[in-house]
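Note sheet for the following structure.
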Amino acid sequence: MKDEIELFAIVDTSKDFIRFCYADSDKTNGQMAIYDKKPKIEKHWKQFKKVVKVKVIIQ
């Protein structure tokens, strides 16, 4: 039986390809940030960043 959970991540769309944004490296050692609640993006970042759902499958 597989369980699933939906989380949120922020992606950067400012380059030629979409990539995941990373959390503050001073606090997380450069790990990718995923959130259990939909994060808010600051107004000045909205044209470059989007919130996406990430489905995690637990086997």
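Numbering (numbering that gives the first Met the number 0), first residue to last: 0 to 58. Backbone N, C-alpha and C fix where the C-beta goes; we use that ideal spot for every residue, glycine too. All values derive from a computational prediction rather than experimental measurement.
To which residues does DSSP link residue 7 through a beta bridge? Secondary-structure assignment with DSSP links residue 7 through a beta bridge to 34 and 52.
Determine the contact status of residue 53 and residue 33, defining contact as a CB-CB distance below 9 Å. yes
Could you check whether residue 50 and residue 7 sit closer than 9 Å to each other, using their CB atoms as the reference points? yes
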